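*Asks:* I am attaching a structure below and will ask some questions about it afterwards.
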Amino acid sequence: MSDDWVRRRTEAAHEHAARLAARQDAEHARAEAMLAEFVAAAVAAGLPTEPLQVKGYGGRGTARTPLRGWYLRHDRTAAVSADGDFYVLIAPLSVLDRVRGVRPTPSRPPLVLGAGGKDGDSVDLVDALARLLPTR
Numbered sequence: 001m002s003d004d005w006v007r008r009r010t011e012a013a014h015e016h017a018a019r020l021a022a023r024q025d026a027e028h029a030r031a032e033a034m035l036a037e038f039v040a041a042a043v044a045a046g047l048p049t050e051p052l053q054v055k056g057y058g059g060r061g062t063a064r065t066p067l068r069g070w071y072l073r074h075d076r077t078a079a080v081s082a083d084g085d086f087y088v089l090i091a092p093l094s095v096l097d098r099v100r101g102v103r104p105t106p107s108r109p110p111l112v113l114g115a116g117g118k119d120g121d122s123v124d125l126v127d128a129l130a131r132l133l134p135t136r
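Start counting the sequence shown at 1; every next residue gets the next number (my numbering).
Spelled out as C-alpha cells, the structure:
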C-alpha cells in the first residue's frame with residue numbers, strides 16, 4: 001500500500017465522520033425544536049406535569065429527581081422536562097441514589113426514541129408527543 005492510498009483513505013474516513021456528525025446534529029436540532037413546540041402547546045393546553053423518576057437498570061428500583069415534565073415512553077424511560085430538556089430516565093442506581101434521589105443530565109433528543117432496540121421498542125418522537133397532547 002502506498003502512502004498516497006493511506007492518506008486518501010484517511011481523508012475519506014474523516015469526511016464521512018464529518019458528514020455523519022452534521023446529519024446527527026441536524027436531527028437533534030429538529031427534535032429540540034419539536035420538544036420546544038410541544039412544551040409551548042402543553043402549557044397552553046394546561047397539560048399537567050408530573051414528577052419524573054429515574055428507573056434502575058434491570059428494574060432495580062426508582063429514584064426521585066427534582067424534575068417535572070412529561071414521560072414520552074410508556075415504560076417511563078424517556079421524558080421532556082417542563083423546560084423542554086430531554087432526559088433518558090434509566091440508569092444504574094445505588095441504594096443511596098434510591099434514598100436521596102438523583103439529578104439526571106439532559107441529553108440531545110433523538111427523532112426516534114429507542115432506535116436500534118428490539119422490534120416494537122422504538123417510537124417516533126412526533127408520535128410520542130402527539131399522544132400526550134389532548135385532541136381538540
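We put the beta carbon where it would ideally sit given N, CA and C, even for glycine. Since we're looking at a predicted model, the values are computed, not measured.
Where does ASP83 fall in DSSP's three states?
*Replies:* Reduced to three states, the DSSP call for ASP83 is coil.
*Asks:* Less than 8 Å between the C-beta atoms of GLY84 and ALA36, yes or no?
*Replies:* Contact: yes.
*Asks:* For THR62, write down the residues that DSSP places opposite it in a beta bridge.
*Replies:* In the DSSP output, where bridge partners are listed per residue, THR62 has LYS55.
*Asks:* Could you pull out every residue in the same chain whose Cβ sits closer than 8 Å to the Cβ of PRO51, ignoring the five residues on either side in sequence?
*Replies:* Answer for PRO51: ARG64, THR65, LEU67, ARG68, listed in chain order.
*Asks:* Just checking, does the segment 10-30 make contact with the segment 94-112 on the three C-beta pairs under 8 Å criterion?
*Replies:* The segment 10-30 vs the segment 94-112: in contact.
*Asks:* Applying the 10 Å Cβ sphere with the 16-neighbour rule, what's the burial state of ALA78?
*Replies:* Answer is buried; the Cβ neighbour count reaches 16.
*Asks:* Could you please give the first and the last residue of the uninterrupted alpha helix (DSSP H) stretch that includes THR144?
*Replies:* There is simply no residue 144 to check, as the chain begins at 1 and stops at 136 in what is shown.
*Asks:* Can you look up VAL88 in the DSSP assignment and give me helix, strand or coil?
*Replies:* Strand at VAL88.
*Asks:* Could you say which of LEU72, THR62, GLN24 lies nearest to ASP97 if we only look at CA atoms?
*Replies:* Closest option to ASP97, Cα to Cα, is THR62.
*Asks:* Grab the span of the alpha helix (DSSP H) containing ASP127 for me, first residue to last.
*Replies:* First-last of the alpha helix (DSSP H) with ASP127: 125-132.
*Asks:* Thinking just about the alpha-carbon of each residue, which of TYR71, PRO92, PRO106 is nearest to the one in LEU130?
*Replies:* Residue identity check: residue 130 is Ala in the sequence provided, not Leu. Answer by Cα proximity: TYR71.
*Asks:* Is ARG100 helix, strand or coil when you go by DSSP?
*Replies:* The answer is helix: DSSP assigns ARG100 an H, G or I state.
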